[in-house]
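Quick note: the sequence shown uses the working numbering, first residue -8, plus one each step.
Notes to accompany the following structure.
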Amino acid sequence: MKNKIATIGIIGAGQMGSGIAHVCALHGIRVLLNDVTLERVQAGLATVDGNLARQAASGRISEEERKAAIGRIAPCMSYEELAEVDLVVESATESEVVKRKIFAEICPLLGPDTMIATNTSSLSITRLAAATDRPERFMGMHFMNPVPVMELVELVRGIATDDATFDLAKSFVAQIGKKAAVAEDFPAFMVNRILLPMINEAIYVLYEGVGSVEAIDTAMRLGANHPMGPLQLADFIGLDTCLSIMQVLYEGLADSKYRPCPLLVKYVEAGWLGRKTNRGFYDYRGPKPVPTR
Ligand SMILES: NC(=O)c1ccc[n+]([C@@H]2O[C@H](COP(=O)([O-])OP(=O)(O)OC[C@H]3O[C@@H](n4cnc5c(N)ncnc54)[C@H](O)[C@@H]3O)[C@@H](O)[C@H]2O)c1
């Protein structure tokens, strides 16, 4: 198996997939970016373009690096094009049904040595691996949001992941300038197992009327020295993703302390998913985010 990634296929061009594309392209990797429609891929590319332009304007990368990086990303609207890639990173919506369908469709088309990684925030790596034809070449590669800024990638082996695949994942993380932390395959791994119950608790604090959106976020920024408040962070992650992670913790660990807050459920049912829909615990439609409660 290769020990360096030259070409990557990324499935899902949302906030995470586009961020992964950005970082890979900046590190010289050719990227094929896929989503359900060309419009979604183009929206992902526009995000990458804007973020690279910001990095170039602030002098963190040169104009040549910016141009070269954007030139390395190509839209991919047919899974046949993935035949040549060294690695597929699946970063589609956090739904086991969606991810299993993707694996069933891509596996017959990939080269026999191609590694598959999933960017799932919470689902069982072993169970997802079993939905592929190559559980030994399958891993969890959990990037943090926003990918161009956050240094960590959590690496999670499934029960069948072989050592060569794990080593390739570690060297890929170093290749793109990130640091790895290794977690066992438990619901939500390490970062979200710790972070999401805190966010869920902040939503309970809001739901029970203990504090307003602004008070809760100010309390945690100034009182616990967090760089952003938990409700602001929830909007940033996406409230649908937060809810899916809490459901996986609740069901996977069978402990009532992980019960998703009913207010979180209600927001998701309303389609108020945070920044990506311009409305969550804050309203982003005006010039400044406005707390909604
Ligand atoms: N948001 C975060 O903070 C965060 C952090 C780490 C990991 N993740 C994980 O990354 C994954 C993506 O999350 P996101 O925040 O980018 O969500 P998102 O909603 O921004 O993007 C998901 C994208 O997947 C696409 N998609 C859905 N079905 C697809 C299919 N069959 N084929 C191709 N594309 C498909 C959607 O059209 C959408 O563009 C999830 O598994 C999530 O748990 C999210």
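Think of the CB as a built atom: it goes at the ideal place given N, C-alpha and C, for glycine as much as any other residue.
Since the structure is predicted, the reported quantities are computational estimates derived from the model, not experimental observations.
Where residue i falls, given that 16 or more other Cβ within 10 Å makes a residue buried
{"i": "S9", "result": "buried"}
{"i": "R270", "result": "buried"}
{"i": "M92", "result": "Note that residue 92 corresponds to Lys in the displayed sequence, not to Met. K92 should be labelled exposed."}
{"i": "R51", "result": "exposed"}
{"i": "G265", "result": "buried"}
{"i": "A261", "result": "exposed"}
{"i": "I107", "result": "buried"}
{"i": "A120", "result": "buried"}
{"i": "A245", "result": "exposed"}
{"i": "T111", "result": "buried"}
Spatial distance of residue i from residue j (CA atoms)
{"i": "S203", "j": "A47", "result": "38 Å"}
{"i": "I150", "j": "H133", "result": "17 Å"}
{"i": "T156", "j": "M130", "result": "8 Å"}
{"i": "K170", "j": "V164", "result": "6 Å"}
{"i": "V32", "j": "T232", "result": "20 Å"}
{"i": "T283", "j": "D153", "result": "48 Å"}
{"i": "G195", "j": "M135", "result": "Before going further, note that residue 195 is Tyr rather than Gly in the sequence given. About 24 Å."}
{"i": "T123", "j": "C98", "result": "7 Å"}
{"i": "F94", "j": "A206", "result": "44 Å"}
{"i": "Y61", "j": "A16", "result": "Tyr is not the amino acid found at residue 61; the sequence shown has Ile there. Whole-angstrom Cα-Cα distance: 7 Å."}
{"i": "I118", "j": "R128", "result": "Here residue 118 is Arg; the residue named in the question, Ile, does not match the sequence. Approximately 14 Å between the Cα atoms of the pair."}
{"i": "A37", "j": "Y273", "result": "24 Å"}
{"i": "P278", "j": "I1", "result": "33 Å"}
{"i": "V27", "j": "E96", "result": "13 Å"}
{"i": "E87", "j": "M181", "result": "20 Å"}
{"i": "S53", "j": "V201", "result": "48 Å"}
{"i": "W263", "j": "E55", "result": "39 Å"}
{"i": "D158", "j": "F227", "result": "32 Å"}
{"i": "Y241", "j": "A59", "result": "44 Å"}
{"i": "D208", "j": "P103", "result": "49 Å"}
Within 8 Å, strictly: CB atoms of residue i and residue j
{"i": "G35", "j": "A4", "result": "yes"}
{"i": "V239", "j": "A179", "result": "yes"}
{"i": "M237", "j": "P251", "result": "yes"}
{"i": "L23", "j": "E72", "result": "yes"}
{"i": "E145", "j": "A174", "result": "yes"}
{"i": "E85", "j": "T109", "result": "no"}
{"i": "T105", "j": "V147", "result": "no"}
{"i": "L197", "j": "L230", "result": "no"}
{"i": "A44", "j": "R63", "result": "no"}
{"i": "I190", "j": "A225", "result": "yes"}
{"i": "V89", "j": "I(-1)", "result": "no"}
{"i": "P139", "j": "V14", "result": "yes"}
{"i": "H18", "j": "G243", "result": "no"}
{"i": "S113", "j": "N183", "result": "yes"}
{"i": "Y249", "j": "P188", "result": "yes"}
{"i": "S235", "j": "D176", "result": "no"}
{"i": "A12", "j": "V39", "result": "yes"}
{"i": "T162", "j": "N(-6)", "result": "Residue identity differs from the one stated: residue 162 is Ser in this sequence, not Thr. Yes; because the gap between Cβ atoms is below 8 Å, this pair is in contact."}
Cutoff 7 Å; reference residue i; Cβ partners in own chain excluding five residues on either side
{"i": "L100", "result": "Y70, E71, L73, A74"}
{"i": "A(-3)", "result": "I20, R21, D77"}
{"i": "K267", "result": "Q6, G229"}
{"i": "E142", "result": "K169, K170"}
{"i": "P137", "result": "G10"}
Spatial neighbours of residue i in its chain, beta-carbon cut-off 6 Å, leaving aside the 5 residues before and after
{"i": "Y258", "result": "L230"}
{"i": "H217", "result": "M211"}
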